[in-house]
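Notes to accompany the following structure.
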Amino acid sequence: MAVLHAAAVTVLAKIAVYQPADVATIRVVTLALLVGAAALWSAVDAWLRVDDRGRAWFIGALVAGVVSGVLSVIGRAIFVDQSGISELWPAVTGGAAFTALLVMIPAGLGLLVGSRLQQPKNRGMANDDLPDHRPSGSPAG
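Dropping the structure here:
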């Protein structure tokens with residue numbers, strides 16, 4: 005999630021520099037995609053009944069906030085406007101908090117929805133539990 009958020013911030017910064025009129029619409033679409041990615045990924049984790057998924061998403065959101073802040077400063081420095089080290093502190097504090105919430109809230113909703121979805125019927129069945137497909141006249145040996 006951190007790489008996805010950092011890439012989104014870098015692309016939005018590049019668009020803001022070269023096409024400032026298109027920023028508002030693209031920002032809304034990008035935000036919706038980021039929210040959708042976190043919600044869908046966490047819903048799949050909940051549907052698959054991944055162990056300790058709530059804590060994993062909480063810690064992941066906190067780590068994604070800080071890491072995406074650092075990566076977005078690096079990405080902007082390389083691809084957009086040669087941002088300096090002075091941009092790092094705001095990105096790691098305020099930007100990290102926003103990113104963490106942008107991961108945590110949709111992930112919580114995804115975990116809630118995914119845990120309510122039913123598992124496939126044949127998931128986790130042992131070979132002994134599978135139906136017998138032998139013809140009725142064949143010997144059982």
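If you're matching positions, the sequence shown starts at 5 in this note's numbering and goes up one per residue.
Backbone N, C-alpha and C define an ideal beta-carbon position, used for all residues, glycine too.
Once the 5 residues before and after residue i are set aside, which same chain residues still bring their CB inside 6 Å of it?
i	result
Asp49	Arg57
Ile30	Ile19
Measure the C-alpha to C-alpha separation of residue i and residue j and round it to an integer number of angstroms.
i	j	result
Val33	Ala12	11 Å
Trp93	Leu16	20 Å
Val117	Leu44	10 Å
Gly99	His9	10 Å
Val70	Glu91	13 Å
Leu52	Ala42	15 Å
Val67	Gln86	25 Å
Val21	Val54	42 Å
So with Cβ pairs under 8 Å, would you call residue i a contact of chain B?
i	result
Trp93	Considering every chain present, this structure includes no chain B. It has just one protein chain.
For residue i, does the count of other Cβ atoms within 10 angstroms reach 16, so buried, or fall short, so exposed?
i	result
Val77	buried
Ala38	Looking at the sequence itself, residue 38 is Leu, so the reference to Ala does not match. Buried: at least 16 other Cβ atoms inside 10 Å.
Pro110	buried
Look up residue i in the DSSP assignment and say whether it is helix, strand or coil.
i	result
Leu52	coil
Val27	helix
Would residue i and residue j be called neighbours here (beta carbons separated by less than 8 Å)?
i	j	result
Val7	Leu75	yes
Ser72	Gly114	no
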